[in-house]
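See below for the structure under consideration.
Chains as they are written, first to last, in this note's numbering: chain A, 347 to 601; chain B, 49 to 589.
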């Protein structure tokens, strides 16, 4: 069975150079809609009206997008006469609306961070993308990020899914069992805002209604590189993405 | 095993006449036969509930029908129960039972059709209808240690947005029966587990040391009440739910939903959209199977193979994204067709990626077949006999690895599958290795289908625009990557969803998991789990 050894060697190093260099292979990220200036207020209103999760807000001729709600249905790209602008990229990690500044883990964790993943009602996409981080193309181990079997040894609680009622208890127990230097990261639109599931008797509308969240990675699902960027932010090796400009006079909780 | 299904295979009229004659002879005035509608070829209405078990037994065992599922609907004054059966060479049969809304008990069909076990448990838990003589009711979807008895969330009177105030304290779950013997113990696993990335589900492994006697799965940690929150939503909004409750087979489920809508509105989908839907569904199957193969390689700790398989999966994800704009094919299906079209340059690029994946998988399979330590861990592990598979109605690659041949793409073709030449591979051993082989052969067939679609692709529109302007209900079905999926949809005249029911392959197959997980060595547990390749979230909805 030595052929496995040779087979592996022959394939060479396939890992991405990210974060040292940007990764631009087609298909690593679906991109996302961004704030757009339209030629008329009517067009902006139309863009806001088409969004099924109210992620787009029209303000004059401009639209603003809350990525925490965007479920990537692409209606604002395909079903509008004048579509929203779409940006490539994946460095999307941001702070929750109640956090003013980024508080990463102490520098001792920068190159050795242990991650506890909890599926709190996820549809499987975010988990699948997390699994990809372990494959040779992303290989998060090279950056010192490890999955751990026990919350006692975990530094970061990574939660996916909108928090289903049946998972609320296990999620809280996991959090309580972690040492208090812990950070919580909500991954995916469902974990941030409840996504398409909304608030119901079975869904808690996101992790922040149950636990204090430190970082958010928007996307539905966020591609592996977006999650990797999030991990780098928690480890203090990358900074959070630029804060999106919010519409003036809008008092609704933004971000 | 089942008796042979029909005297002359292949002719639906003959099968239908034969079935009607047999029904007439056996049940006479007890039943009324209705015309084809809502996606069913025939509706059999029962005069009284007591006939139900005998009729279901007749269809399942004597006529060799496959059991589809039970759909319960609360109408204004009636309970309407639909029991869906699939008859070879004919199509879906609807056994319909209407009883007054005051009815609290119905006869159970579990004694004859074991596959209906979880369907009845779910209906009891969510609607509050009891099934007489069902061996085990209660504590299923709504976990008893959290929820009080008497909450029936799927009833029309229950508001989905109402916050649950009467939540019980979160206590430890104890099953009714555990092994009691000196030295024996029960080991709980989950719902947060695996030391890695696993879906939320709980197992109780009952063991006397090295050997595990039983593995009892406990599901529905991911229950998000998709069927309930879909009620009252517009079709476009409900489609988002159908697409996103199980993302690893998002395209298949959204397709089944759209097929149901198109049946209600009696709209014809343009031929190009039908062909592209086949292409995308097969792309999803190919990617899903690459992922399932990765999981199997991973479970045996043969790391080079699992690394290579995961590269294939990631490359297919990237190809999907470059082709459609989404790695998991979200946002493509829309009632009436597809939301976007693809140019010939894009199609060529996709074909290159698919061919690469197909040849990589072939190389991987060849190497795995030569790895004796890998095969030792899969062969004779987690065996499901053909008899059990038929009894419990296992679907998809798992069923086909145990000599069940049903594949909806062939049994009742949808979206123009009938036009393509492909095989539905099956094996007879029913062990982990057979399931792996089925995955490999199906992935190869998907690549063949993608080729055929692109070779015969004609220009034209990809979407028929329409509004649903009348009330109606219909069944949409697809062969999802994990097996047969049924989506039942009822809308009112404004195009608002009144009832949505998704019967998923994982829900069907989790019922049969315990058969494979009986009397096995402890270290085989991850392998049995991986070769089943089931999704908890697809089951939970």
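Backbone N, C-alpha and C fix where the C-beta goes; we use that ideal spot for every residue, glycine too.
Neighbouring residues, chain A, relative to residue i (Cβ below 8 Å)
{"i": "residue 184 of chain B", "result": "In chain order: nothing, as chain A lies at least about 19 Å away."}
{"i": "residue 561 of chain B", "result": "Within chain A, no residue comes near residue 561 of chain B; the closest Cβ sits about 18 Å away, beyond 8 Å."}
{"i": "residue 201 of chain B", "result": "547 and 548"}
Any C-beta of chain B under 9 Å from that of residue i
{"i": "residue 350 of chain A", "result": "yes"}
{"i": "residue 357 of chain A", "result": "yes"}
{"i": "residue 537 of chain A", "result": "no"}
{"i": "residue 566 of chain A", "result": "yes"}
{"i": "residue 475 of chain A", "result": "yes"}
{"i": "residue 484 of chain A", "result": "yes"}
{"i": "residue 601 of chain A", "result": "The predicted model places residue 601 of chain A with a pLDDT of 36, which falls under 50 and marks its position as unreliable, so this point remains unresolved."}
{"i": "residue 552 of chain A", "result": "no"}
{"i": "residue 413 of chain A", "result": "no"}
{"i": "residue 315 of chain A", "result": "This structure cannot speak to residue 315 of chain A, because chain A is shown only from 347 to 601."}
is_contact[residue i, chain A] using C-beta, thresh 9 Å
{"i": "residue 509 of chain B", "result": "no"}
{"i": "residue 239 of chain B", "result": "yes"}
{"i": "residue 317 of chain B", "result": "no"}
{"i": "residue 542 of chain B", "result": "no"}
{"i": "residue 362 of chain B", "result": "yes"}
{"i": "residue 188 of chain B", "result": "no"}
{"i": "residue 35 of chain B", "result": "Nothing can be reported for residue 35 of chain B: it is not among the residues displayed for chain B, which extend from 49 to 589."}
{"i": "residue 424 of chain B", "result": "no"}
{"i": "residue 206 of chain B", "result": "yes"}
{"i": "residue 257 of chain B", "result": "no"}
Chain-ordered chain B contacts of residue i [CB-CB under 9 Å]
{"i": "residue 549 of chain A", "result": "272, 273 and 277"}
{"i": "residue 287 of chain A", "result": "For chain A, the structure presents residues 347 to 601; residue 287 of chain A sits outside this window and is missing."}
{"i": "residue 520 of chain A", "result": "240"}
{"i": "residue 543 of chain A", "result": "272, 273, 274, 277, 289, 292 and 293"}
Residue i to residue j span [Cα, whole Å]
{"i": "residue 480 of chain B", "j": "residue 574 of chain B", "result": "11 Å"}
{"i": "residue 429 of chain B", "j": "residue 409 of chain A", "result": "57 Å"}
{"i": "residue 5 of chain B", "j": "residue 264 of chain B", "result": "No answer is possible for residue 5 of chain B: it lies beyond the span of chain B, which begins at 49 and ends at 589."}
{"i": "residue 107 of chain B", "j": "residue 491 of chain B", "result": "33 Å"}
{"i": "residue 493 of chain A", "j": "residue 487 of chain A", "result": "9 Å"}
{"i": "residue 440 of chain B", "j": "residue 449 of chain A", "result": "52 Å"}
{"i": "residue 588 of chain B", "j": "residue 335 of chain B", "result": "22 Å"}
{"i": "residue 286 of chain B", "j": "residue 404 of chain A", "result": "24 Å"}
{"i": "residue 381 of chain B", "j": "residue 515 of chain B", "result": "16 Å"}
{"i": "residue 310 of chain B", "j": "residue 495 of chain A", "result": "47 Å"}
{"i": "residue 549 of chain B", "j": "residue 202 of chain B", "result": "11 Å"}
{"i": "residue 560 of chain A", "j": "residue 445 of chain A", "result": "7 Å"}
{"i": "residue 598 of chain A", "j": "residue 402 of chain A", "result": "Residue confidence for residue 598 of chain A is low, a pLDDT of 39 falling below 50, so the modelled location carries little weight; the figure read from the coordinates is stated next. Whole-angstrom Cα-Cα distance: 13 Å."}
{"i": "residue 421 of chain A", "j": "residue 433 of chain A", "result": "15 Å"}
{"i": "residue 384 of chain B", "j": "residue 525 of chain A", "result": "53 Å"}
{"i": "residue 325 of chain B", "j": "residue 424 of chain A", "result": "17 Å"}
{"i": "residue 54 of chain B", "j": "residue 140 of chain B", "result": "Any answer about residue 54 of chain B is weak, because its pLDDT of 39 lies below 50 and its placement is not dependable; what the coordinates show is given next. Approximately 15 Å between the Cα atoms of the pair."}
Cβ-Cβ separation, residue j to residue i (assumed contact under 8 Å), whole Å
{"i": "residue 82 of chain B", "j": "residue 93 of chain B", "result": "6 Å"}
{"i": "residue 518 of chain A", "j": "residue 556 of chain A", "result": "7 Å"}
{"i": "residue 416 of chain A", "j": "residue 512 of chain A", "result": "The pair is not a contact, with the Cβ atoms about 27 Å apart (cut-off 8 Å)."}
{"i": "residue 240 of chain B", "j": "residue 558 of chain A", "result": "The Cβ separation is near 19 Å, so there is no contact."}
{"i": "residue 557 of chain B", "j": "residue 442 of chain B", "result": "6 Å"}
{"i": "residue 341 of chain B", "j": "residue 484 of chain B", "result": "7 Å"}
{"i": "residue 466 of chain A", "j": "residue 509 of chain A", "result": "4 Å"}
{"i": "residue 531 of chain B", "j": "residue 391 of chain B", "result": "33 Å between Cβ atoms; not a contact."}
{"i": "residue 529 of chain B", "j": "residue 337 of chain B", "result": "7 Å"}
Contact set between residue i and chain B, taken where Cβ atoms lie within less than 7 Å
{"i": "residue 464 of chain A", "result": "240"}
{"i": "residue 369 of chain A", "result": "Going along chain B, no residue has its Cβ under 7 Å from residue 369 of chain A, so there is no contact; the nearest lies around 11 Å."}
{"i": "residue 418 of chain A", "result": "374, 378 and 379"}
{"i": "residue 481 of chain A", "result": "355, 358, 359 and 362"}
{"i": "residue 569 of chain A", "result": "375"}
{"i": "residue 374 of chain A", "result": "366"}
{"i": "residue 469 of chain A", "result": "292, 293, 294, 295 and 585"}
{"i": "residue 424 of chain A", "result": "387 and 388"}
Closer than 8 Å at the beta carbon, the chain B residues around residue i
{"i": "residue 513 of chain A", "result": "239, 248, 269 and 270"}
{"i": "residue 391 of chain A", "result": "Going along chain B, no residue has its Cβ under 8 Å from residue 391 of chain A, so there is no contact; the nearest lies around 18 Å."}
Under 9 Å from the C-beta of residue i: neighbouring residues of chain A
{"i": "residue 347 of chain B", "result": "Under the 9 Å cutoff, chain A gives no residues; its nearest Cβ is about 13 Å from residue 347 of chain B."}
At least three beta-carbon pairs within less than 8 Å, the segment 168-183 of chain B to the segment 243-256 of chain B: No, the segment 168-183 of chain B does not touch the segment 243-256 of chain B.
When you compare the segment 291-305 of chain B with the segment 466-477 of chain A, are there three or more beta-carbon pairs, one atom per stretch, that lie closer than 8 Å? Taking 8 Å as the limit for Cβ pairs, the verdict is that the segment 466-477 of chain A does touch the segment 291-305 of chain B.
How do the segment 119-136 of chain B and the segment 156-176 of chain B stand: do at least 3 beta-carbon pairs fall below 8 Å, yes or no? At 8 Å Cβ cutoff, the stretches touch.
contact_flag[the segment 412-425 of chain B, the segment 348-363 of chain B] where n(CB pairs < 8 Å) is 3 or more: Yes, the segment 412-425 of chain B is in contact with the segment 348-363 of chain B.
Check whether the segment 274-282 of chain B touches the segment 194-209 of chain B, taking contact to mean three or more Cβ pairs, one atom from each stretch, closer than 8 Å. Contact between the segment 274-282 of chain B and the segment 194-209 of chain B is present, because at least three Cβ pairs lie under 8 Å.
Would you call the segment 379-392 of chain A in contact with the segment 348-358 of chain A, where contact means no fewer than 3 C-beta pairs closer than 8 Å? The answer is no - the segment 348-358 of chain A does not touch the segment 379-392 of chain A, with fewer than three Cβ pairs under 8 Å.
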